[in-house]
Amino acid sequence: MLPQTGYKLWLDYRKVKNSELLQEYRNQIQSVYIQPDTKTLEIAQKELSVGLAGLLGDKPTFLERQNIKNAIIVAKIKDLNKEYQALFESSKIEENGFQISHVKENIIVTSNDDIGVLYGVFHLLKHLQMNLPLKKLPIFDAPKIDLRILNHWDNLDRSVERGYAGNSIWKWHKLPGYIDQRYIDYARANASVGINGTVLTNVNANALILTPMYIKKVAALANVFRPYGIRVYLTARFSAPIEIGNLKTADPLNPEVRNWWKAKIDRIYKEIPDFGGFLVKANSEGQPGPQNYGRSHADGANMLADALAPHKGIVMWRAFVYSEHDATDRAKQAYNEFVPLDGKFKENVLLQVKNGAIDFQPREPFHPMFGAMPKTPLMMEFQITQEYLGFSTHLVYLPKLYEEVLQADTYQHGKGSLVAKVIDGTLDHKKISGMAGVANIGSDVNWTGHPFGQANWYGFGRLSWNPYLSAKTIANEWLRMTYSTNDEFVTPMIKMLLISRAAVVNYMTPLGLHHLMDTGHHYGPGPWVSNLSRPEWNPVYYHKADSLGIGFDRTPTGSNATAQYAKPVADTFNNLETCPEEYLLWFHHLPWDYKLKNGNILWNGLALKYQEGVGQVREMQSLWEQIKPYLSAEQYQEVAMLLSIQLKEAKWWRDACMSYFQTFSKKPFPKGMETPKHSLKYYKSLKFPYAPGIRPSWH
Ligand code: GCV
1 MLPQTGYKLW LDYRKVKNSE LLQEYRNQIQ SVYIQPDTKT LEIAQKELSV GLAGLLGDKP
61 TFLERQNIKN AIIVAKIKDL NKEYQALFES SKIEENGFQI SHVKENIIVT SNDDIGVLYG
121 VFHLLKHLQM NLPLKKLPIF DAPKIDLRIL NHWDNLDRSV ERGYAGNSIW KWHKLPGYID
181 QRYIDYARAN ASVGINGTVL TNVNANALIL TPMYIKKVAA LANVFRPYGI RVYLTARFSA
241 PIEIGNLKTA DPLNPEVRNW WKAKIDRIYK EIPDFGGFLV KANSEGQPGP QNYGRSHADG
301 ANMLADALAP HKGIVMWRAF VYSEHDATDR AKQAYNEFVP LDGKFKENVL LQVKNGAIDF
361 QPREPFHPMF GAMPKTPLMM EFQITQEYLG FSTHLVYLPK LYEEVLQADT YQHGKGSLVA
421 KVIDGTLDHK KISGMAGVAN IGSDVNWTGH PFGQANWYGF GRLSWNPYLS AKTIANEWLR
481 MTYSTNDEFV TPMIKMLLIS RAAVVNYMTP LGLHHLMDTG HHYGPGPWVS NLSRPEWNPV
541 YYHKADSLGI GFDRTPTGSN ATAQYAKPVA DTFNNLETCP EEYLLWFHHL PWDYKLKNGN
601 ILWNGLALKY QEGVGQVREM QSLWEQIKPY LSAEQYQEVA MLLSIQLKEA KWWRDACMSY
661 FQTFSKKPFP KGMETPKHSL KYYKSLKFPY APGIRPSWH
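Numbering (UniProt numbering), first residue to last: 1 to 699.
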């Protein structure tokens, strides 16, 4: 591939610059033993070959025996020499886990299974990429979450719902005959961070994907991904029995419908023996579902689960539901719908729940379902693509957001009942666990549009492997692997990544405001929008600004959404003394002159938060200037241009929102807030009919 296009992601394997360290590596890793007797081990061998050649400057020598010195020995435990075997057998490496150790002047990478070996190889290469000394071994690691899955909202016409990095990478028309190199590179990148599943199609599903012609295409992709430890999953359109099966109904309790799904699923497994299962969006935003027939979500999910069970397939049933016919606060609806069904789902059903109760906002309190369904495996759904966070134009490091959610305490069983423990299944001893990320991947040469979007893909993968990792640790890894190991580069860049999330919250939706984005495409501010048919699609529904104040009262005096949290959490949010200010207007409607903790009145505090967001983007720009010497001209320029758009748009957000809210507060902008350049009328007039990521019918 072309140099420095970003195509190689974090797997660039640049030569180690520090000559002492390079010498240490060369002395200790002169050759490699690996028997590539499976496809997965072949891949591991190739990765070592490419990786070591890049990092050390010379292709490694591959040897066929294990009684060697100064070598890397890569094998499953059972294939190690007897003397080594004895050392590892007792260490009880978990499924897909690995151990990397120094033994008798060699480095042994081992596991009980092939995929664990591959993960170990990627880990060793990462160790070298980060220029860590070999003394820092042994390393034991194993995934803490079973299903680590990307969700592609990719349509069969190659458009991507909420995709900002070009077209879908799946070239359906050329499949199954043509295997694009991207499929292989995609699998490699995912395996390198431990991602082990991919849902190929949009949750707003098209039944055609289940027809024989498409299943053959899916099978071709599954064949590519299998040796990388990645299973394919599809979205199932609930009305498929009608649309492609000629049945009159899709009622999940109807025997004909049940047989249709069973036959369909049996057929899929003939072509794809390790097919993962289905992800389903049902009775949500116009998608069909069991409620069309007076049945429950459990009836629908269990019907598919029964048909998948003999093949060990699973159902990931989404909890993202809200209805225009339900006047209840939208934030409460999913909980109301699903919590009564706890214990009613089959063993192979997981509920996939978005991180917050509304919809992937720059900041949301954790979804109350996470503390409320002890009998049902709950999967986390994070969004990696930045639908509400500036698309692929804004630099926003999302692991910071993910970390905040995973570290939140549900108090389900008292203090310490972290969301991370719900997700990895340890809190209630769940048999299966999962984390999904809505992909930000497309056909752009650098995969993610914004070069720093790659950090979000990488970070999602790492957190799905270990939800207790810190955003900072992940930033440090990604920066060193992708750009440079020089501390003078890494330190300011970590700082930039870590403030970027706070910046976007501040310049878009500070103090707990949410869903102020312009409607349809969700790009830019539209807090004034009030004319859409469904009330909860209008930003005014969420901020409720009026002459008295602003914010959504979700305490007992309002919608009482806080009652869906465990008591200590609800009490914290209800009480103005204890409610964290970052969630203030999420839970409270407050007067414009309400006193904030720092003594400012709310109106002034809000303005200064918007201003702070703008200031943080300026700080990001100056950090970027600081590290210019470590980049090529193109690398520098690409992000510099994007950051200046981000600054312009941060100001746009501040000015548009504050000018609009001023029509209610009637107060002057405080000292410290820059004066808006344009009138409110101007901001309201801005239109983006061809903003990317939306369906053609929405234009
Ligand atoms: C795939 C939001 C998005 C939709 C998306 C939906 C969902 O509403 O705007 O594009 O549809 O979430 O997660 O199902």
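Glycine included, C-beta positions come from ideal geometry on N, C-alpha and C.
Please classify residue i: does DSSP put it in a helix, a strand, or coil?
i: tyrosine 33; result: strand
i: isoleucine 268; result: helix
i: arginine 148; result: strand
i: phenylalanine 238; result: coil
i: glutamate 619; result: helix
i: threonine 198; result: strand
i: leucine 9; result: coil
i: leucine 351; result: strand
i: methionine 517; result: strand
i: threonine 491; result: helix
i: alanine 357; result: coil
i: threonine 110; result: strand
i: proline 510; result: helix
i: phenylalanine 688; result: coil
i: proline 365; result: coil
i: glutamine 626; result: helix
i: methionine 1; result: Confidence at methionine 1 is low in this model, with a pLDDT of 36, below 50, so its placement is unreliable and the value that follows should be read with caution. Looking at methionine 1 - three-state DSSP - the assignment turns out to be coil, as it is neither helix nor strand.
i: isoleucine 499; result: helix
i: lysine 262; result: helix
Can the beta-carbon of residue i be found closer than 8 Å to that of residue j?
i: serine 392; j: glycine 453; result: yes
i: glycine 442; j: isoleucine 169; result: yes
i: asparagine 574; j: proline 591; result: no
i: alanine 331; j: alanine 357; result: yes
i: tyrosine 468; j: alanine 650; result: no
i: valine 419; j: threonine 426; result: no
i: asparagine 292; j: valine 315; result: no
i: aspartate 329; j: serine 559; result: yes
i: tryptophan 172; j: glycine 163; result: no
i: leucine 125; j: threonine 40; result: no
i: leucine 463; j: alanine 189; result: no
i: threonine 5; j: glutamine 30; result: no
i: threonine 211; j: isoleucine 244; result: yes
i: aspartate 251; j: arginine 295; result: yes
i: glycine 434; j: phenylalanine 460; result: no
i: glycine 526; j: phenylalanine 688; result: no
i: leucine 351; j: alanine 327; result: no
i: isoleucine 272; j: valine 339; result: no
i: methionine 658; j: alanine 691; result: no
Measure how close the beta-carbons of residue i and residue j come, nearest whole angstrom, since I'm counting them as under 8 Å.
i: leucine 253; j: valine 199; result: About 26 Å; that fails the 8 Å criterion.
i: glycine 289; j: alanine 282; result: 3 Å
i: isoleucine 423; j: methionine 380; result: 5 Å
i: asparagine 106; j: alanine 71; result: 5 Å
i: glutamine 637; j: proline 492; result: Actually they do not touch by this definition, with Cβ atoms about 18 Å apart.
i: tyrosine 565; j: glycine 371; result: 6 Å
Taking the beta strand (DSSP E) that residue i falls in, what are its first and last residues?
i: phenylalanine 278; result: 277-280
i: leucine 28; result: Note that residue 28 is glutamine in the sequence shown here, rather than leucine. Unbroken run through glutamine 28 is the alpha helix (DSSP H), 19-28; no beta strand (DSSP E).
i: isoleucine 179; result: That residue, isoleucine 179, is in no beta strand (DSSP E); it is neither H nor E in DSSP.
i: leucine 63; result: 61-63
i: arginine 318; result: 314-318
i: tyrosine 435; result: It should be noted that the sequence gives methionine, not tyrosine, for residue 435. Methionine 435 -> beta strand (DSSP E) spans 434-438.
i: phenylalanine 98; result: 98-103
i: isoleucine 77; result: It is not in any beta strand (DSSP E) - isoleucine 77 carries neither H nor E in the DSSP assignment.
In the DSSP assignment, find the alpha helix (DSSP H) that holds residue i and state where it starts and stops.
i: glutamate 381; result: Run containing glutamate 381: none in the alpha helix (DSSP H); it sits in the beta strand (DSSP E), 378-383.
i: alanine 420; result: 419-423
i: phenylalanine 661; result: 633-665
i: methionine 130; result: It is not in any alpha helix (DSSP H) - methionine 130 carries neither H nor E in the DSSP assignment.
i: valine 218; result: 212-225
i: glutamine 564; result: Here glutamine 564 belongs to no alpha helix (DSSP H), and DSSP marks it neither H nor E.
i: aspartate 299; result: 297-308
i: phenylalanine 460; result: 453-465
i: isoleucine 43; result: 39-56
For the structure I just gave you, are there three or more beta carbon pairs, one from the stretch 76-85 and one from the stretch 147-159, closer than 8 Å?
With the cut-off at 8 Å, the stretch 76-85 and the stretch 147-159 do not touch.
Stretch-stretch touch, CB-based, cutoff 8 Å, three pairs: the stretch 635-649 with the stretch 667-680
When Cβ pairs closer than 8 Å are counted between the two stretches, the stretch 635-649 is seen not to touch the stretch 667-680, the count staying below three.
Just checking, does the stretch 596-616 make contact with the stretch 533-544 on the three C-beta pairs under 8 Å criterion?
Judged by Cβ distances under 8 Å, the stretch 596-616 makes no contact with the stretch 533-544, as fewer than three pairs qualify.
Pair every Cβ in the stretch 484-500 with every Cβ in the stretch 228-241, then say whether three or more of these pairs are closer than 8 Å.
no
Mind the definition here: the stretch 515-527 touches the stretch 615-630 only if three or more C-beta pairs lie below 8 Å; say whether that holds.
no
Measuring CB atoms only, is the stretch 39-54 touching the stretch 471-485, in the sense that at least three cross pairs come out at less than 8 Å?
no
Cβ pair count under 8 Å reaching 3, the stretch 544-555 against the stretch 382-399
no
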